[in-house]
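Notes follow the structure.
Numbering (my numbering), first residue to last: 53 to 142.
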């Protein structure tokens, strides 16, 4: 009765295998270590594009707010006109 019953369905593994690869570490080349600078023209283009985008968003918001304010002023004027025409009800 030297047999043991295994309730696990895991297979029995043999010797452990190494998880490392055969590639050795190499120092980075000079080209890889140089910082990558973007050309000045590309930076200027990106700045101009982002500025234009911000101005556009700000302008659209300003137009929407101005339209809402004009609508409120129009409603107030119509309310005053209506009160003057029909009286205040007192």
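All C-beta atoms in this analysis are idealised placements derived from N, C-alpha and C, irrespective of residue type, glycine included.
With DSSP as the reference, label residue i as helix, strand or coil.
{"i": "residue 83", "result": "helix"}
{"i": "residue 138", "result": "helix"}
{"i": "residue 110", "result": "helix"}
{"i": "residue 66", "result": "coil"}
{"i": "residue 127", "result": "helix"}
{"i": "residue 75", "result": "coil"}
{"i": "residue 97", "result": "helix"}
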